[in-house]
Amino acid sequence: MCLFKRFFLKIASFKPQKTWLLSPWVIFGGVFSGVAIGIFDKSLAGQLLPIGTLYLRLLQMLVLPILISAVISGLGNLFVSGIKKSQLSRLGSFLFLGLVIASSVGVAFGVLGHPGDGLQHDAQVTLGKTINRSELSVTAPPEVQKPTVFSYAQAIIPENIFSSLDRGDTLAILFFSILIGISMGMIDTEANKTALAVVNAFYHVFLSIIGWMMHLLPFGLLCLFAGQIAQVGIDIVWATVKLIQYLYIACVVTIIVYSVIIWWKLKHRLSYWQTVSGLRQPMIVALGTASSFATIPSALAALKDNLQVDENVSDLIVPLGATINPPASVLQFAISSIFIAQIYGAELGFEQLLIIFMGSILAGVASSSAPSMVALSMIAMILDPLGLPSSVAIILLIAIDPVVDPIVTALNVQANCALAVSLSETDSDVTCTPARV
17 MCLFKRFFLK IASFKPQKTW LLSPWVIFGG VFSGVAIGIF DKSLAGQLLP IGTLYLRLLQ
77 MLVLPILISA VISGLGNLFV SGIKKSQLSR LGSFLFLGLV IASSVGVAFG VLGHPGDGLQ
137 HDAQVTLGKT INRSELSVTA PPEVQKPTVF SYAQAIIPEN IFSSLDRGDT LAILFFSILI
197 GISMGMIDTE ANKTALAVVN AFYHVFLSII GWMMHLLPFG LLCLFAGQIA QVGIDIVWAT
257 VKLIQYLYIA CVVTIIVYSV IIWWKLKHRL SYWQTVSGLR QPMIVALGTA SSFATIPSAL
317 AALKDNLQVD ENVSDLIVPL GATINPPASV LQFAISSIFI AQIYGAELGF EQLLIIFMGS
377 ILAGVASSSA PSMVALSMIA MILDPLGLPS SVAIILLIAI DPVVDPIVTA LNVQANCALA
437 VSLSETDSDV TCTPARV
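In the working numbering, the protein residues as written are 17 to 453.
In C-alpha cells, the structure reads:
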C-alpha cells in the first residue's frame, strides 16, 4: 500500500520540464511548415487536418472547466479580500473604452486605407464567383434577428444550467459562475472557505493538464495551419488581399497600443520588451489556435509568472474578457463594413460613419461567444441601416475568416491581458496581497 501511495503521489506532483518543444523557434517552425504543406501538398494537408482538429479539441476540452473554476475562484477571493464598487465601475469603464478605441481604429483604417476601392479585374471576378457559389450553397448564412434587451437577457440567464453546460452556452455559464463566485465570496464560514479552496485546487489541476498539452503545440499548429490553408485556397486570399492587409495592420497597431498600456502600468519594474516577451506564449497560442478560450491557461500563467499580476484579478478578468470583451470583432466589423460600402460605391458621410462606429460596437458585443458564422452574421446590424447587402458581406467574411481569425484572436487576448494589468495595478492597494484560501 505504501508503494502504491508513493506512486500516485509522484504522478499527482508530476510537472513536465521545459523542453525544446516549447521554444518559440520550434513553434514558428511548425507554423511555417504547415503553411508550406497547405500550399504545395493539399493531399497531405487534408490528412493532417483531422489530427490538428483533434489537438484543438483537446485544448477546448478544458475550456469550460477552466472558465467556471477561474471565475468562481477569482471572484470569490476578490470578495474575500474586500472588493470595492469603484473597482467594478473601473472594469465597466475600461471595457467600454477598449471597444471605443477598437471601433475608432477600424473606421480610421477603413476611411484612410480605402480597402474596397481600386480592386483589380481578377479580384472582382474571384469575388463574384465566391459570392455566386456561396449563394447557391445549401448551407446559407443564418438570418440575423434584430436583438432586443429581452433576447440578450434570455441568452445570458440560463433556464437550466445543465442544458447550458451541454450546449456550451458560455454567456449563460459565465453568468451562473459569477453568481456562484460572488455568493461564495460573501459567505464568511469555514465550510465556504474550504469549498472555495477546492474550486481553486481544481482550477490549478486543469491548468496543469493544459501545460502538458502545450508540449504538442508545434505539431498541432503544423496540422491546423496545413488544413486551413489547403481549405481556404489562395484565390480568395489574393482577391481580398487589401482587406486582409488592412485588417492585419489595424490589429497589429491596436496590439501595440495595448502593449504600451501594459508597459506603462508596469514600467516601474519591467521594461517594454520584458512585458512583450512575458506575453509571448499566449500570443503564439492565439495565432496558432485562433481560439480565445484556448489561450486562457497560457495567458493566466504569463500574467502571474512573468508580469506578476495579481492572481485574483487575472483569474477573473481573462476568462470574463474572453467571453464579453471583443475589441477585435468590433474593429473587424468596422473595416469590413467600409470595405463593402466602397465595393458598392456607397457614399460615406459623417452620419454613415457614425452608424458604422456605433453599430460595430453593438455588433461586436452581440457576437460575443457566438459561433463563428453567427458572429460574423452580426454585421447585418451595421449594413442593413446603410441599405447595403449584408449577405454579400457575410459570405466574404466567412471565406476569409480562417486567414484573419488568428490576428483577431491575438488582439482579443492582448486586450484582455491589458485589462487585467490595468485593473491589477490600479487596485493594487486592495488586491495585490489577497488572502487566497
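By construction, the Cβ of each residue, glycine as well, lies at the ideal position given by its N, Cα and C atoms.
So residue i and residue j are supposed to be a Cβ contact under 8 Å. How far apart are they, rounded?
i	j	result
Tyr219	Ser314	Between Ser314 and Tyr219 the Cβ distance is about 15 Å, and since that is not below 8 Å, they are no contact.
Asn428	Ala350	Asn428 to Ala350, Cβ: 15 Å. No contact.
Ser193	Ile88	5 Å
Gly294	Leu323	5 Å
Ser352	Ala426	Not really, about 18 Å apart at Cβ, beyond 8 Å.
Leu238	Ser49	5 Å
Ile82	Pro335	7 Å
Mind checking whether residue i and residue j have CB atoms under 8 Å apart?
i	j	result
Ile395	Leu413	yes
Ile226	Phe95	no
Gln297	Ala318	yes
Leu8	Ile271	Here the chain covers residues 17 to 453 and nothing more, so residue 8 does not appear.
Gly92	Gly236	no
Tyr262	Pro131	yes
Gln76	Ser383	no
Ile377	Leu111	no
Ser180	Ile189	yes
Ile416	Ile260	yes
Ile356	Leu404	yes
Gly108	Asn328	no
Ala431	Leu402	no
Ser406	Asp400	yes
Cys267	Ile372	no
Val346	Gly380	yes
Gly184	Leu80	yes
Count the other C-beta atoms from every protein chain shown that fall within 10 angstroms of the C-beta of residue i, then say buried if there are 16 or more, exposed otherwise.
i	result
Thr210	exposed
Leu152	Residue placement at Leu152 is flagged as unreliable, the pLDDT there being 42, under the threshold of 50; the coordinate-derived value follows with that caveat. With fewer than 16 Cβ atoms within 10 Å of its Cβ, Leu152 is classed as exposed.
Lys283	exposed
Thr205	exposed
Val214	exposed
Leu70	exposed
Met230	buried
Tyr360	exposed
Gly46	buried
Met200	buried
Phe191	buried
Ile53	buried
Met299	buried
Leu435	buried
Leu195	exposed
Pro234	buried
Ser105	exposed
Ile173	exposed
Gln358	buried
Leu72	buried
Ala207	exposed
Val437	buried
Ala302	buried
Ala217	exposed
Asp321	exposed
Run through DSSP, which three-state label would residue i get?
i	result
Asn176	coil
Thr270	helix
Tyr219	helix
Leu332	helix
Ala86	helix
Ala306	coil
Ile395	coil
Lys258	helix
Asn208	helix
Tyr264	helix
Lys281	helix
Gln324	coil
Ala61	helix
Asn341	coil
Glu367	helix
Ala362	coil
Asp417	helix
Gly403	coil
Leu295	coil
His130	coil
Gly184	coil
Ser383	coil
Ile55	helix
Ala451	Residue placement at Ala451 is poorly supported in this model, since its pLDDT is 34, which falls under 50; the coordinates are not used for a value here.
Ile287	Note on identity: in this sequence residue 287 is Ser, with Ile being the wrong assignment. Correct three-state label for Ser287: coil.
Query raised in the report: Is there contact between the region 118-126 and the region 221-240, where contact requires at least three CB pairs shorter than 8 Å?
Result: no
Query raised in the report: Is the region 365-380 touching the region 323-339, taking contact as three or more C-beta pairs under 8 Å?
Result: no
Requested in this report: Could you say if the region 305-314 and the region 270-279 meet the contact criterion of at least three C-beta pairs nearer than 8 Å?
Outcome: No contact exists between the region 305-314 and the region 270-279.
Requested in this report: Count the CB pairs spanning the region 58-69 and the region 238-247 that are closer than 8 Å, and state whether there are at least three.
Outcome: yes
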